[in-house]
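Undergrad: With the numbering used here as the guide, the letters of the sequence shown map in order to residues 233 to 616. C-beta atoms are modelled at their ideal positions from N, C-alpha and C, and glycine is treated no differently. Since the model is a prediction, treat every value here as computed from it, not as a measurement.
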Amino acid sequence: MAFAGFPSRLPQVGTTIFTVMSQLAAEHGAINLSQGFPDFAPPPRLLQRVADHMAAGRNQYALMAGALPLCEAIAAKVESLYGARYDGDSEITVTAGATQGIYTAIAACVRPGDEVVVFAPVYDSYVPAIELNGGKAVFATLRFPDYRPDWDEVRALVGPRTRMIVVNTPYNPSGAVWSAADLAALEAVVRDTGVVVLADEVYEHMVFDGARHESVARYPALAERSFVVSSFGKTYHITGWKVAYCLAPRQLMAEFRKAHQFIVFAVNQPAQLALADFMREDPGFATGLADFYRGKRDFLRMELAGSRFEALPCVGTYFQLARYDAISDEPDTAFAQRLTREHGVAAIPVSVFYPGGDDHRVLRFCFAKTDETLAAAGRRLRNL
Ligand code: GLN
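1) So who's on the other strand from Cys598, going by DSSP bridges?
2) Taking the CB atoms as reference points, tell me whether Val460 and Ser447 lie closer together than 9 Å.
3) Please return the same chain residues whose Cβ sits closer than 8 Å to the Cβ of Ala299, not counting the five positions on each side in sequence.
4) From this set, Gln552, Pro563 and Val348, which residue's C-alpha is nearest Leu606's C-alpha?
5) CA-CA distance, Asn615 and Ser406?
6) Quick one: what's got a C-beta closer than 7 Å to Gln493's C-beta in the same chain, skipping five residues either side?
7) Could you check whether the region 325–340 touches the region 478–488, counting it as contact only if at least three pairs of C-beta atoms, one from each stretch, sit closer than 8 Å?
8) If you check the beta carbons only, do His469 and Pro274 fall under 9 Å apart?
9) Going by DSSP in three states, Met438 sits in which element: helix, strand or coil?
10) Output needed for Asp625: all residues of its chain with C-beta closer than 7 Å, excluding positions within five of it in sequence on either side, in chain order.
11) DSSP on Arg529, reduced to helix/strand/coil?
12) Should Ser240 go down as buried or exposed, given a rule of 16 or more other Cβ atoms within 10 Å for buried?
13) Mind checking Met485: buried by the 16 CB within 10 Å criterion, or exposed?
14) Under the DSSP definition of a beta bridge, which residues are partnered with Thr373?
15) Just checking my contact of Val547 with Asp441 at CB under 8 Å: how many whole Å lie between their CB atoms?
16) Is Thr425 close to the ligand GLN? I mean its beta-carbon at under 8 Å from any heavy atom of the ligand.
17) Which class does Ile306 belong to by DSSP, given the choice of helix, strand or coil?
18) Contact check, Gly367 vs Arg395 under 8 Å by CB: the rounded distance?
19) List the whole-angstrom C-beta distance separating Glu363 from Leu242, where the pair is believed to meet the contact cut-off of C-beta under 8 Å.
20) Just tell me which of Gly527, His592 and Ala417 has its CA closest to the CA of Asp557.
21) Over the uninterrupted beta strand (DSSP E) stretch that includes Met211, give me the two end residues.
22) I'd like to confirm the pairing. Which residues does DSSP put opposite Val461 in its beta bridges?
23) Considering just the uninterrupted stretch of the beta strand (DSSP E) at Thr572, what are its terminal residues?
24) Please write down, chain order preserved, every residue whose beta carbon lies under 6 Å from a heavy atom of the ligand GLN.
25) Tell me the rounded alpha-carbon separation between Ala498 and Tyr379.
26) My understanding is that Val577 touches Leu613, with C-beta atoms under 8 Å, so please give their C-beta distance in whole angstroms.
27) Find out if the Cβ-Cβ distance for the pair Gly345, Arg393 is shorter than 9 Å.
28) Could you check where the alpha helix (DSSP H) with Val282 kicks off and where it finishes?
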């Protein structure tokens with residue numbers, strides 16, 4: 233079948249790199265360290281709670297904004313970790329993954345002609361969401377190799393057309409974690425403007441080496457103008473459930489919900505109720521994640537230490553960047569494909585996250601994997 237000449241709303245967009253690399257890994261039987269998801273099981277008690285709620289007949293629509301016990305559990309967690317009080321009724325909405333939360337926040341705010349500042353390398357869903365809503369992405373650069381924000385550059389990009397700044401800490405793909413000074417700089421940039429902040433904090437519980445997660449929720453002058461998005465997929469090893477949440481002060485959240493109710497309406501009820509139980513019963517699971525993933529990071533770095541890959545610093549997330557210029561001068565997309573086909577390890581080429589395709593010969597490896605998987609990948613990577 234063909235329907236020729238249909239004008240694309242997203243002419244520059246193809247299939248996401250995560251789908252492309254996971255498919256290539258499957259075709260070649262490669263170890264998949266590309267798309268970010270764990271290859272180990274979620275906590276059994278959480279699975280049991282889903283089954284319990286289904287068996288108890290809680291299988292119909294959840295409330296539009298989220299099941300109340302889950303909203304309350306989120307409010308309690310955010311208050312205990314970041315000292316911020318969000319009202320479970322009016323300032324928290326459960327979303328179908330962080331992807332939907334991000335899309336909805338953008339759809340609720342961005343009008344045709346608005347500018348949205350994003351940082352490159354940029355997580356792949358932000359710019360299409362901005363463009364589908366008629367906005368224009370404006371790029372601040374995180375400079376290789378430390379990927380620190382240049383706040384003078386950001387300040388220069390903010391003008392009368394700026395509607396929003398999208399920030400992400402801990403940072404995918406770089407593994408960097410923003411500091412309190414970064415948050416202070418962000419606060420100074422948006423002060424006395426109408427700019428809204430969208431903070432993607434899906435890796436909030438994966439911060440290592442004594443660093444602290446600097447949620448915008450900690451800073452009242454930022455929180456009052458921010459949407460904060462986190463994802464249960466990352467925290468409980470359940471990326472396939474697509475359950476996440478968004479926090480925002482009442483007035484912003486009211487706008488968010490106007491869009492949310494027509495984008496998804498409500499999110500999987502038994503999964504929400506199970507998460508509420510689990511958060512109450514085992515609050516230490518989330519806070520223990522940093523140690524768990526620090527161990528995984530160290531394991532992968534040890535595996536890479538005997539190879540010609542050079543691991544860059546990783547202070548947060550479950551991604552490790554590595555340079556390969558001692559091995560090859562191929563572009564990173566070509567090298568990532570060859571690594572998958574010929575050496576049986578799939579990774580993400582970082583150039584795809586830059587609007588201009590900047591290629592520093594760096595790959596992103598996901599270490600949310602069993603030690604056996606990481607060791608097997610390490611053996612293959614040391615052969616290059
Ligand atoms: N966020 C995950 C990653 O960075 C992938 C999510 C997806 O496949 N869309 O790898």
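TA: Quick answer:
1) Phe551
2) yes
3) Val326, Gln501, Gln504, Leu505 and Ala508
4) Gln552
5) 25 Å
6) Met296
7) Yes, the region 325–340 is in contact with the region 478–488.
8) yes
9) DSSP places Met438 in coil when its eight states are reduced to three.
10) The shown model of the chain, from 233 to 616, leaves out residue 625, and the question about it has no answer.
11) DSSP, reduced to helix, strand and coil, places Arg529 within a helical segment of the structure shown.
12) Classification of Ser240: exposed, given that the 10 Å Cβ count is below 16.
13) buried
14) Ala352
15) Under the criterion of beta carbons closer than 8 Å, Val547 and Asp441 qualify as touching, at roughly 6 Å.
16) no
17) helix
18) 7 Å
19) 6 Å
20) His592
21) Here the chain covers residues 233 to 616 and nothing more, so residue 211 does not appear.
22) Asp432 and Cys478
23) Not the beta strand (DSSP E): Thr572 falls in the alpha helix (DSSP H), residues Asp564 to His575.
24) Qualifying residues come out as Thr248, Phe250, Gln267, Gly268 and Asn404.
25) Taking the straight line joining both Cα atoms gives about 37 Å.
26) 6 Å
27) yes
28) Pro276 to Ala287
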